[in-house]
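Asker:
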Amino acid sequence: MKTNGFCGRDWIDPEFSYSREEWETLIDVALELKRRYAMNEDQTHILRGKTLYMMFFNQSLRTRSTFAAGIQQLGGYCVDLEPGKTYTPARKGYEIPYQTERICDVAQVLDRTGDALSIRMYGEHGHWIYGFCHETMKEFAEYMRHPVINMECDKLHPTQALADMMCVREKKGGFKGVRFVMSWAYSGSTHKPYAVPQSLVLAPSLMGCDVVFARPKGFELDPEVIATCRRYAKMNNATFEETDDMEAAFEGADIVYPKCWGSGEYFAKVKGGKIVKPADLKGMKKLFDRNKDWICDAKKMKLVKHDGIYMHCLPADRDMEVTDEVIDGPQSVVFDEAENRLHAHKAIMAMIMGGRL
Ligand code: CP
61 MKTNGFCGRD WIDPEFSYSR EEWETLIDVA LELKRRYAMN EDQTHILRGK TLYMMFFNQS
121 LRTRSTFAAG IQQLGGYCVD LEPGKTYTPA RKGYEIPYQT ERICDVAQVL DRTGDALSIR
181 MYGEHGHWIY GFCHETMKEF AEYMRHPVIN MECDKLHPTQ ALADMMCVRE KKGGFKGVRF
241 VMSWAYSGST HKPYAVPQSL VLAPSLMGCD VVFARPKGFE LDPEVIATCR RYAKMNNATF
301 EETDDMEAAF EGADIVYPKC WGSGEYFAKV KGGKIVKPAD LKGMKKLFDR NKDWICDAKK
361 MKLVKHDGIY MHCLPADRDM EVTDEVIDGP QSVVFDEAEN RLHAHKAIMA MIMGGRL
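Counting in the working numbering, the sequence shown runs from 61 upward without gaps.
1. For ASP270, which residues does DSSP report across the bridge?
2. Roughly how many whole angstroms lie between the Cα atoms of GLY332 and VAL285?
3. State the DSSP-derived secondary structure class of ASN210, mapped to helix, strand or coil.
4. Enumerate, from N- to C-terminal direction, the unbroken alpha helix (DSSP H) stretches of 4 or more residues contained entirely within the stretch 115 to 154.
5. Tell me whether the stretch 296 to 314 and the stretch 274 to 283 touch, counting them as touching only if at least three CB pairs, one residue from each stretch, are closer than 8 Å.
6. For the alpha helix (DSSP H) containing THR85, name the first residue and the last one.
7. In three-state terms, what does DSSP make of ILE355?
8. Flag this pair as yes or no: are the beta carbons of ILE131 and MET411 separated by less than 8 Å?
9. Within a Cβ cutoff of 7 Å, which residues of the same chain sit near SER265, ignoring the five residues on either side of it in sequence?
10. State the beta-bridge partners of ARG180 as determined by DSSP.
11. What does SER392 pair with, by DSSP beta-bridge criteria?
12. Pick out the complete beta strand (DSSP E) segments inside the stretch 290 to 365, 3 residues or longer, and give them in chain order.
13. Please classify ASP384 as buried or exposed, where buried requires at least 16 neighbouring CB atoms within 10 angstroms.
14. Does DSSP classify ARG229 as helix, strand or coil?
15. What distance in whole Å lies between the Cβ atoms of HIS217 and VAL256, which are believed to be in contact at a cut-off of 8 Å?
16. If you measure from each residue's Cβ to the nearest non-hydrogen atom of the ligand CP, which ones come out under 7 Å, in chain order?
17. Looking only at C-alpha atoms, which of LYS231, GLU230, LEU281 sits nearest to LYS35?
18. How many Å lie between GLN103 and LEU134 at the Cα?
19. Rounded to a whole number of angstroms, what is the C-alpha to C-alpha distance between ILE189 and THR123?
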């Protein structure tokens with residue numbers, strides 16, 4: 061079988077491990093698969109007979125439905141392994157006899173019979189220790205020859221980022237000179253990882269946008285992520301700015317992406333591999349409630365360019381993160397983003413699972 065340079069690679073942290081050119085190629089493939097889908101062309105030869113194992117520790121609508129539909133449209137199958145119905149995979153030190161199974165064993169079993177494993181895991185499943193779930197995915201990958209796909213962890217949401225970059229290309233024609241604003245927004249729930257904001261500052265920075273990162277005090281992101289964004293901006297002769305002023309960030313924006321995430325100050329604290337302070341999501345709520353004015357409304361959308369667009373990964377917390385007027389309005393592209401998840405996921409699977417286009 062003819063393969064490509066992507067074949068067999070993991071999709072765990074592509075915001076760090078794939079080049080801008082490789083992201084461009086994946087967007088090209090996703091757009092081609094989208095075209096073929098619109099033309100009702102058969103795609104079942106691409107991954108005929110291949111098996112995708114999916115493992116969702118957290119709920120999902122878009123990611124679950126589009127990976128399941130996508131692999132079947134490419135001629136393969138998916139098996140939804142429900143943690144709890146299988147023995148729940150666990151890292152050493154976090155095991156419960158006959159309820160959990162050590163990751164090295166689960167990974168090697170699935171590797172013998174499947175062609176890829178996709179995982180969603182964040183929040184309480186990683187004890188709200190920042191990076192725990194990301195490292196868990198890497199541990200799976202360590203024991204598998206077949207690729208591991210990150211369907212959202214506590215650090216990154218790269219499948220979302222690829223669908224969104226595809227959307228930026230479609231709506232803005234490219235990335236250079238595009239002012240992309242990733243902003244915090246209020247929500248009534250504090251159960252929110254860093255995954256989307258981190259992927260959605262890294263990916264547009266890698267692709268060459270002028271990125272603005274807006275957040276109230278207390279909602280800073282991983283310093284490694286911010287330093288990487290600055291490095292990408294330099295590499296692309298673009299800009300990266302950080303601000304605590306939502307209105308100033310929106311001024312003259314081509315794209316705004318207001319979305320809630322939690323405060324790292326309240327995540328669990330670890331010393332020597334042990335939790336010394338558990339996460340305090342109730343305490344975090346007070347910080348959230350002081351920032352209820354971080355909502356994307358029509359008044360703020362007046363600050364963006366006349367052809368500026370509103371993006372959100374969904375699910376959106378209406379009346380908290382965004383008003384109905386904005387999300388249902390003409391500048392909103394949220395359903396285009398959701399639609400692109402199907403084509404982006406198919407592109408990822410086709411390329412890393414050895415598909416023949
Ligand atoms: N945006 C996103 O990942 O949606 P789901 O949580 O529904 O998969």
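Even glycine gets a Cβ: it sits at the ideal position worked out from N, Cα and C.
Answerer: Taking the coordinates as given:
1. As a position in the sequence shown, residue 270 is number 210, starting the count at 1. In DSSP, ASP270 forms a bridge with ARG239.
2. Here residue 332 is taken as the residue at index 272 of the sequence shown, counted from 1. Here residue 285 is taken as the residue at index 225 of the sequence shown, counted from 1. Between the alpha carbons of GLY332 and VAL285 lies a distance of about 23 Å.
3. As a first step, residue 210 is located in the sequence shown; it is residue number 150 there, counting from the start. DSSP places ASN210 in strand when its eight states are reduced to three.
4. 122 to 133
5. yes
6. For the purposes of this step, residue 85 is taken as residue 25 along the sequence shown, with counting starting at 1. Here the alpha helix (DSSP H) through THR85 covers 80 to 98.
7. Residue numbering aside, residue 355 sits at position 295 when the sequence shown is read from its first letter. Of the three classes helix, strand and coil, the one that applies to ILE355 here is coil, per DSSP.
8. As a first step, residue 131 must be located in the sequence shown, where it is residue number 71. As a first step, residue 411 must be located in the sequence shown, where it is residue number 351. Cβ atoms of ILE131 and MET411: not closer than 8 Å.
9. Position 205 of the sequence shown, counted from the start, is the residue given in the question as residue 265. Contacts found: VAL271, CYS289, TYR292, ALA293, PHE300.
10. Taking the first residue of the sequence shown as 1, we reach residue 180 at position 120. Partner(s): PHE116.
11. Here the question's residue 392 lines up with position 332 in the sequence shown. Its beta-bridge partners are TYR370.
12. Counting whole runs of 3 or more residues, the stretch 290 to 365 contains the beta strand (DSSP E) stretches 300 to 303, 315 to 319, 329 to 331, 334 to 337.
13. To locate residue 384, count along the sequence shown from 1; it is residue 324. Looking at its Cβ environment, which holds fewer than 16 other Cβ atoms inside 10 Å, ASP384 is exposed.
14. Position 169 of the sequence shown, counted from the start, is the residue given in the question as residue 229. Three-state result, ARG229: helix.
15. If you number the sequence shown from 1, residue 256 lands on position 196. If you number the sequence shown from 1, residue 217 lands on position 157. Confirmed, about 5 Å.
16. GLN119, SER120, LEU121, ARG122, THR123, ARG124, GLU212, HIS217, GLN220, CYS373, LEU374, PRO375
17. Residue 35 lies beyond the stretch modelled for the chain, which goes from 61 to 417, so this question has no answer here.
18. Position 43 of the sequence shown, counted from the start, is the residue given in the question as residue 103. Position 74 of the sequence shown, counted from the start, is the residue given in the question as residue 134. The alpha-carbon atoms of GLN103 and LEU134 are separated by roughly 5 Å.
19. Within the sequence shown, numbered from 1, the residue matching residue 189 stands at position 129. Within the sequence shown, numbered from 1, the residue matching residue 123 stands at position 63. The alpha-carbon atoms of ILE189 and THR123 are separated by roughly 23 Å.
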